[in-house]
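A.B. asks: The sequence shown begins at 1 in full-length UniProt numbering and counts up one residue at a time.
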Amino acid sequence: VHFANSNPTEEQALENSAIMSSEHGDGEMLQITPDDTILFTKVGNELIGTVEIANVSQTNVTYKIKTTSPEKFRWKPTAGVLAAGASTTINVMLLQGQHISTANRDKFLIMCMALSSDANTSYQGIADIWKNTPSYSTSVEQHRLKCSTPVNASGEGFKNGRLSGNGYGPDADRQISQFSSKVNELSDATRRLEGQLKSLQKLQVFTLVLLLFTLIISVGYIVKLELYDEPTETCLHKSLQ
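1. DSSP state of Tyr136, grouped into three classes?
2. Tell me the DSSP secondary structure of Lys72 in three-state form.
3. Below 8 Å on the Cβ atoms is my guess for Thr89 versus Thr50; work out the distance and round it to an integer in Å.
4. Counting C-beta neighbours from all protein chains within 10 Å, is the total for Tyr168 16 or more, i.e. buried, or is it exposed?
5. Going by CA-CA distance only, name the one from Glu141, Ser187, Gln98 and Ser87 that's closest to Arg113.
6. Candidates Pro70, Thr33 and Asn45: which alpha carbon is nearest Thr56's?
7. What does a CB cutoff of less than 8 Å around Gly80 pick up in its chain, not counting 5 residues either side in sequence?
8. Between Trp130 and the rest of its own chain, which residues show a CB-CB distance below 6 Å, the 5 nearest in sequence each way excluded?
9. Within 10 angstroms of its Cβ, does Asp35 collect 16 or more other Cβ (buried), or is it exposed?
10. Mind listing, in chain order, the continuous alpha helix (DSSP H) runs of no fewer than 4 residues lying wholly within the UniProt domain "MSP" (29–148)?
11. Pick out whichever of Ala84, Phe73, Ala83 and Ser122 has its Cα sitting closest to the Cα of Gln98.
12. Should Glu185 go down as buried or exposed, given a rule of 16 or more other Cβ atoms within 10 Å for buried?
13. On the criterion of 16 or more Cβ atoms from any shown chain inside 10 Å, does Ser154 qualify as buried, or is it exposed?
14. Considering only residues of the same chain and omitting the five flanking positions on each side of Ala83, which have a CB-CB separation below 7 Å?
15. Note down, in chain order, each residue of its chain lying with its Cβ closer than 7 Å to the Cβ of Val183, except the 5 sequence neighbours on either side.
16. Output yes or no for whether 8 Å exceeds the beta carbon distance between Thr149 and Ile110.
17. Report the residue from Phe108, Thr37, Gln58 and Leu211 whose alpha carbon sits nearest the alpha carbon of Pro70.
18. DSSP three-state label for Gly27, please.
19. Cβ of Ile48 within 8 Å of Cβ of Phe40?
20. Of all the options Leu30, Thr37 and Thr78, which has the alpha carbon lying nearest to the alpha carbon of Gln58?
21. Mark Lys66 as exposed unless 16 or more other C-beta atoms lie within 10 angstroms of its C-beta, in which case mark it buried.
22. Three-state secondary structure (DSSP) at Val223?
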């Protein structure tokens with residue numbers, strides 16, 4: 001498997017680390033969903049797959065995505081930074097004019113590594129970090145994903161097993177940007193709902209504790225009144241005698 005922009009030495013090292021990269025342990029920095037296959041589905045006249053990557057570590061990480069056939073795909077973002085606990089969605093588009101069936105033989109490599117607290121996280125800074133770090137470095141975590149396209153792709157936008165069209169242009173670029181924006185909006189809405197649910201749970205616990213405290217105070221007050229009234233009634237009874 002040859003990933004673009006990798007020299008032979010890096011490729012040999014990547015092959016030697018195939019087992020390590022395919023069997024993710026408890027100490028991994030990224031959680032990939034789906035974890036082994038990019039599933040492409042028809043969106044309009046395009047075939048698009050999505051992958052969500054989440055930073056499950058306690059530190060900031062930088063990530064980068066490669067593919068065995070960069071001439072066949074367009075994906076966004078290609079690299080970036082994830083804060084601890086943050087996530088993002090990678091949108092992958094199969095370019096027009098490509099054989100759909102052959103895309104199943106292609107693979108994507110998602111790499112990540114921890115960032116120091118003083119790391120330059122600008123676009124150029126991240127580019128320089130990856131430029132100066134070999135892919136086979138022990139500090140780089142790797143996740144390999146296969147591609148899976150529809151078995152029987154037909155209808156508008158498909159011709160003879162290919163994605164039809166005049167090539168990749170501004171319209172397709174706008175479509176993937178819009179799709180990416182919608183997916184990110186859904187992810188943000190989900191995270192907001194999760195936050196609201198957690199806040200509601202905390203409020204319920206606080207209310208329950210407050211009610212329990214009020215109940216204890218009320219019972220204590222009633223018991224105190226009964227203990228106070230009993231001697232008074234005894235004295236009154238004796239005086240009447």
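We put the CB at the ideal spot given by N, CA and C, even for glycine. Since this is a predicted model, take the numbers as computed values, not measurements.
C.D. replies: Taking the coordinates as given:
1. Coil at Tyr136, not helix or strand.
2. Here Lys72 sits in coil by DSSP.
3. With 8 Å as the limit, Thr89 and Thr50 qualify as a contact, their Cβ atoms being about 6 Å apart.
4. Here the model assigns Tyr168 a pLDDT of 45, short of 50, so the residue's position is not dependable and the matter cannot be decided.
5. Checking the sequence shown, residue 113 turns out to be Met, not Arg. Ranking the options by Cα distance to Met113, first place goes to Glu141.
6. According to the sequence shown, residue 56 is Val rather than Thr. Nearest of Pro70, Thr33 and Asn45 to Val56, Cα basis: Thr33.
7. Spatial neighbours of Gly80 in its own chain (CB-CB distance under 8 Å, excluding positions within 5 residues in sequence) are listed in chain order as Thr62, Tyr63, Thr88 and Ile126.
8. The residues Lys64, in chain order, have a CB closer than 6 Å to that of Trp130 in the same chain once the five nearest residues on each side in sequence are set aside.
9. Exposed, because fewer than 16 other Cβ atoms sit within 10 Å of the Cβ of Asp35.
10. The UniProt domain "MSP" (29–148) contains these whole alpha helix (DSSP H) runs: 123–131.
11. Ranked by how close their Cα comes to the Cα of Gln98, the residues Ala84, Phe73, Ala83 and Ser122 have Phe73 in first place.
12. Flag for Glu185 reads exposed.
13. Note on Ser154: pLDDT 49, under 50, position unreliable in the model; the coordinate value appears next. Around the beta-carbon of Ser154, fewer than 16 other beta-carbon atoms lie within 10 Å, marking it exposed.
14. Excluding five sequence positions before and after Ala83, the CB atoms of its chain that fall closer than 7 Å to its own CB belong to Asn55 and Asn60, given in chain order.
15. Closer than 7 Å at the Cβ level, and outside the excluded window around Val183, lie Thr50, Thr89 and Asn91.
16. Ile110 sits away from Thr149, with the two beta carbons spaced by 8 Å or more.
17. Nearest to Pro70 by alpha-carbon distance, out of Phe108, Thr37, Gln58 and Leu211, is Phe108.
18. Of the three classes helix, strand and coil, the one that applies to Gly27 here is coil, per DSSP.
19. The answer is yes: Cβ separation under 8 Å.
20. The option with the nearest alpha carbon to Gln58 is Leu30.
21. Around the CB of Lys66, 16 or more other CB atoms lie within 10 Å, so the residue is classed as buried.
22. Looking at Val223 - three-state DSSP - the assignment turns out to be helix.
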